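What follows is one structure encoded as structure tokens, with my remarks underneath.
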Amino acid sequence: MFSLIAAVAYLAALVLAVFLLQHFGSAHWSWHVLSIVAALALGLMPAPDSFKGPAVDLGFGVVFIGLMTWVIGGIVLFRPHHRHKHA
348 MFSLIAAVAY LAALVLAVFL LQHFGSAHWS WHVLSIVAAL ALGLMPAPDS FKGPAVDLGF
408 GVVFIGLMTW VIGGIVLFRP HHRHKHA
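If you read the sequence shown in my numbering, its first letter stands for residue 348, the second for the next number, and so on.
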């Protein structure tokens with residue numbers, strides 16, 4: 348049962364990040380750099396002893412998946428604004 352809840356939570360984080368990218372578009376590159384730093388820091392740091400347990404692991408995982416999806420999607424959807432000179 349817990350694996351089903353984890354799969355649904357991770358899928359919800361993925362869908363939410365994709366929806367936000369589709370709805371609002373890509374943000375400034377500095378926000379994506381800040382998000383990747385936050386996601387990697389959250390994903391690589393050991394959890395404090397008071398934050399042990401499957402629910403906390405699931406919460407950290409959902410935030411990590413959401414941030415990484417937003418970062419990767421923002422990089423893929425990034426379209427620089429080119430100014431064309433009109434004749």
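Beta carbons: idealized from backbone N, C-alpha and C, even for Gly. Remember, predicted model here, so these are calculated numbers, not experimental data.
query: Status (buried if at least 16 other CB within 10 Å, exposed otherwise) for V418; result: buried
query: Outcome for H375 when other beta-carbon atoms lying within 10 angstroms are tallied against a minimum of 16; result: exposed
query: Cut-off 6 Å between Cβ atoms - residues of its own chain near M415, not counting five sequence neighbours on either side; result: A386
query: Selected residue, minimal CA-CA separation from L389, among H379, F407, A356, A402; result: F407
query: With 16 other Cβ atoms within 10 Å as the buried cut-off, status of F398; result: exposed
query: Helix, strand or coil at H343 [DSSP, three-state]; result: Here the chain has residues from 348 to 434 only, and residue 343 is not among them.
query: Residue environment, A394, which counts as buried when at least 16 other CB atoms sit within 10 Å; result: exposed
query: Classification of G421 by the beta-carbon crowding that lies within 10 angstroms, buried from 16 upward; result: buried
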